[in-house]
Amino acid sequence: MRTTLSAAIVCILAIPASAQVTTFLDRAQWSSAAGSQTLLENFEGFAVDTSFRLSPLAIATGFGTLSREGVDRGPSFHLVDVPPYANIDSGTSSGSAFAYLFTDGPEAGGPGTQVRLTFNTPIRAFGMDVFVGSVLEGVTIEIIGAGSQILGTIQPTAGAGGTGGVFAGFVSGEVVSSLRFRSTMTVAGTGGEAFGIDNLAGSPVPAPAAGGLLLLSIVGRRRRRTNS
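This note's numbering numbers the first residue of the sequence shown as 131 and each following residue consecutively.
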């Protein structure tokens with residue numbers, strides 16, 4: 131029994147913790163790699179425009195929250211926008227309810243403007259459609275690990291003709307706690323990047339390996355009994 135339990139411990143401790151992140155620009159390929167997706171948000175549950183400019187906004191039960199970071203650029207941005215739209219670049223919208231984001235690169239000592247998607251539960255895979263209209267500063271999506279480290283980045287580009295949605299997704303070998311949307315570059319003055327996101331999907335990290343921890347506890351108790 132001691133040999134069997136020792137072998138089990140080795141198997142548990144030998145599971146590698148990989149920081150590798152694989153990014154995807156094709157939803158079908160991502161979906162195949164990600165497997166089952168239980169976290170879904172298409173914003174159709176919102177009946178009216180709903181802002182996350184001043185306080186975090188919960189999206190899809192169990193998914194997470196959207197929040198603005200840095201400089202407030204006014205009520206025109208940072209909201210779930212429900213048709214009919216008003217005063218937005220049509221290239222940034224999905225044609226249905228979507229989240230309307232704005233980022234601005236830091237300049238002149240200011241912090242700029244970013245958007246954070248914080249997950250309620252750590253995830254291992256995530257994908258969405260991104261709608262970038264006329265590119266000014268571009269958008270970079272930072273994939274943030276549990277220790278606040280940047281595990282990888284994705285830079286969606288505008289669709290054909292400068293409009294339309296593109297897919298952006300990833301599968302991570304390490305848990306992901308949030309995404310940060312920021313401008314890829316700085317355009318001095320009033321520049322920034324407005325864009326939309328829609329059709330979000332994610333796969334949470336399986337429940338912590340409680341079984342492995344329990345096994346280690348059992349082994350410890352058995353060893354104590356053997357030595358007593």
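C-beta atoms are modelled at their ideal positions from N, C-alpha and C, and glycine is treated no differently.
Of all C-beta pairs linking the region 194-209 to the region 255-271, fewer than three are shorter than 8 angstroms, placing the two stretches out of contact. Fully enclosed beta strand (DSSP E) runs of no fewer than 3 residues occupy 228-233, 243-262, 269-275, 280-284 of the region 217-288, in order along the chain. Linking F182 to R246 through their CA atoms gives a straight-line distance of about 10 angstroms.
The count of Cβ pairs closer than 8 angstroms, one atom from the region 196-203 and one from the region 273-292, stays below three, leaving the stretches out of contact. Considering only E174, T152, G242, the residue with the shortest C-alpha distance to I327 is E174. A324 and A337 have their alpha carbons spaced roughly 36 angstroms apart. Taken through DSSP and simplified to helix, strand or coil, R198 comes out as strand.
Taking a 10 Å sphere around the C-beta of V306, we find 16 or more other C-beta atoms and assign the residue as buried.
Here F300 is bridged, per DSSP, to T153, F256.
When DSSP states are grouped into helix, strand and coil, F173 belongs to the coil group.
The Cβ-Cβ distance between G263 and I273 does not fall below 7 angstroms. It is roughly 8 angstroms from the alpha-carbon of P241 to the alpha-carbon of G235. For a cut-off of 8 angstroms, the C-beta gap from E171 to F154 is around 18 angstroms, too long to register as a contact. For the set V301, T314, F176, the Cα lying nearest the Cα of S226 is the one of F176.
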